[in-house]
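Each remark here refers to the structure printed beneath this line.
So, in C-alpha cells, the structure goes:
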C-alpha cells in the first residue's frame, strides 16, 4: 500500500537509493577494522585507544540520529542527506590528515555524526511512500543490497591496507560520500512534507515523547536493538579475536568477515523467496529461532573450544542469517504508527539500535578479554531480542482483544 507523500519514486529507485544511504554507516564503521591493529603502531598508541575509535563513531552515529531525523522532517529528506553526508566526508578528511590519535578520534566522531542520516532517511523515505507488506518487501530488498556493501567493506579495507596503507581506506570513504551526494542530487525526490516548525525544540521533544510513549514501538525496537545491536557490538571484538588470537592477517580477516555478511545476504535472499508463504510474523519467529541458536552456540563454543576461525564465525553466520529474517517486518512494525513524524521515529529506532551496540562495546571493554566478552555479551543481547519479541506479541494480542471487551 502506498501512503501519501509529496514525491513518488518507484520501488526499484527507492530500494537502490535506500540501500546506498543505509550502507553509509556500516561501511564507514567496518571498512577500516582490518587496519585497527596496525593503527596501534602507526600512532604509537594503545589497543584500548584504537578500540575507542569505534566507540566514538557509535556515540556520534547514535546521538546525531536524534538530530538528523527531526531535521529531515522539518527541512526535507534531500536537504538533510546532503548536509549530513557532507559532514561524513569532512570526517574522512580529518582522519586522512590526522597527525595523532586524538585527531583520528575526532575524525571518527565527525564521520559518525555525518553517517547518522543514512539509515534514518532510508527508512523514512520508505515509510513516506509505502506501508504494510509492500514496505516490508522494500526493506528486505534494501537488506539484500545492504549486505553486499558491508560484506565487501572489510575485504576492500584489507586490500587497500596491504596495497596503499591505512590512509587509502579513509580516502575511499570520502569518495563514497561524494558518490552518495551526487546520487541524491540527480535521482532522489523529496518524499516527505517538510515543516520547519518540527525543528523547534519543543516540537522535537513532543515528537520523541509520542514515539517513546508507544509501547509496541519500544518492544519492536527492543527486538531490533538486541539483534542488530549484537552485530555492532561484535565489530568491537572480532578484529582482536580473529587477528590477535586466531592469527589471521588483516587481509585474511577482511575476507573472513564475508562469512558474517554473506550469511546475512543469504538470509535476505531466502526471506524474499519465502516471505509470501511465511508471512511477516512467522518470518520473525524463524529469524529469532536462528538468532537464539546462534547466540547459544557462541556461548558454548567460546567457553568450551579453543578459538579457531570456524568456532568463532560459524555461530556468527547462523545468527546473522536469522537477523536478516526478522529485520524487515520488525522495522515496518516499529514505524507503522508514525507517518507524520517518520524521520523522528526512524531516528529513535536507529538510536536505540546503535546505543545497544555502543553499550555492548563498552561492556566488552569493561570485561577486557575480547573472547570472554564475545561469549557472554553477544548471547545476552540475543536473549534480550527474544524476550522483547514475546512482549511485542503480548502487546499486539492485547491491542486486538481490547475493542471486543
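In the numbering used here, the protein residues as written are 38 to 442.
Every residue gets a Cβ at the ideal spot worked out from N, C-alpha and C, and that includes glycine.
Exposed or buried, residue i, counting other C-beta atoms within 10 Å across all chains shown (16 or more means buried)?
i, result
"residue 349", "buried"
"residue 431", "exposed"
"residue 246", "exposed"
"residue 139", "exposed"
"residue 45", "exposed"
"residue 331", "buried"
"residue 38", "Confidence at residue 38 is low in this model, with a pLDDT of 49, below 50, so the placement of that residue should be treated as unreliable; the coordinate-derived value is given next. Classification of residue 38: exposed, given that the 10 Å Cβ count is below 16."
"residue 83", "exposed"
"residue 222", "exposed"
"residue 281", "exposed"
"residue 169", "exposed"
"residue 78", "exposed"
"residue 115", "buried"
"residue 41", "Note that residue 41 has pLDDT 46, beneath the 50 cutoff, so the model's placement of it is unreliable and no number is given."
"residue 177", "buried"
"residue 200", "exposed"
"residue 224", "exposed"
"residue 248", "buried"
"residue 164", "buried"
"residue 434", "exposed"
"residue 202", "exposed"
"residue 160", "buried"
"residue 405", "exposed"
"residue 238", "exposed"
"residue 136", "exposed"
Since residue i contacts residue j with CB under 8 angstroms, what's their CB separation in whole angstroms?
i, j, result
"residue 380", "residue 110", "4 angstroms"
"residue 229", "residue 113", "6 angstroms"
"residue 198", "residue 71", "6 angstroms"
"residue 236", "residue 108", "7 angstroms"
"residue 214", "residue 301", "Rounded, the Cβ-Cβ distance is 23 angstroms, inconsistent with contact."
"residue 244", "residue 414", "That belief does not hold up - the Cβ atoms of residue 244 and residue 414 are roughly 32 angstroms apart, past 8 angstroms."
"residue 336", "residue 416", "4 angstroms"
"residue 192", "residue 295", "6 angstroms"
Return yes when the Cβ of residue j is within less than 8 angstroms of the Cβ of residue i, no when it is not.
i, j, result
"residue 276", "residue 73", "yes"
"residue 367", "residue 321", "yes"
"residue 361", "residue 372", "no"
"residue 359", "residue 326", "yes"
"residue 88", "residue 402", "yes"
"residue 62", "residue 144", "no"
"residue 103", "residue 384", "yes"
"residue 263", "residue 422", "yes"
"residue 20", "residue 408", "Only positions 38 to 442 of the chain appear in this structure, which leaves residue 20 out of reach."
"residue 397", "residue 267", "yes"
"residue 55", "residue 185", "no"
"residue 51", "residue 131", "no"
"residue 374", "residue 254", "yes"
"residue 292", "residue 65", "no"
"residue 425", "residue 252", "no"
"residue 91", "residue 272", "yes"
"residue 207", "residue 133", "yes"
"residue 190", "residue 68", "yes"
"residue 419", "residue 354", "no"
"residue 105", "residue 117", "yes"
"residue 284", "residue 339", "no"
"residue 429", "residue 256", "yes"
"residue 147", "residue 128", "yes"
"residue 181", "residue 49", "no"
Just verifying my parser: in three-state terms, what is the DSSP assignment at residue i?
i, result
"residue 38", "Here the model assigns residue 38 a pLDDT of 49, short of 50, so the residue's position is not dependable and the matter cannot be decided."
"residue 442", "Because the pLDDT at residue 442 is just 45, under 50, the model does not fix this residue reliably, and the point stays unresolved."
"residue 435", "helix"
"residue 80", "coil"
"residue 167", "strand"
"residue 116", "helix"
"residue 345", "coil"
"residue 285", "coil"
"residue 182", "helix"
"residue 373", "coil"
"residue 426", "helix"
"residue 203", "coil"
"residue 215", "helix"
"residue 357", "helix"
"residue 383", "helix"
"residue 338", "helix"
"residue 378", "coil"
"residue 406", "coil"
"residue 136", "coil"
"residue 237", "coil"
"residue 68", "coil"
Of all Cβ atoms in chain E, is any one closer than 8 angstroms to the Cβ of residue i?
i, result
"residue 276", "Annotation note: the requested chain E is absent from the structure, which comprises a single protein chain."
For residue i, is the beta carbon positioned less than 7 angstroms from some heavy atom of the ligand PLP?
i, result
"residue 67", "Ligands in the displayed structure: none, and consequently the ligand PLP is not present."
Query raised in the report: On the three-pair Cβ rule with 8 angstroms, is the stretch 116–127 touching the stretch 213–224?
Result: Judged by Cβ distances under 8 angstroms, the stretch 116–127 makes contact with the stretch 213–224, as three or more pairs qualify.
Query raised in the report: Is the stretch 80–95 touching the stretch 389–401 in the sense that three or more CB pairs, one from each, lie closer than 8 angstroms?
Result: Short answer: they touch.
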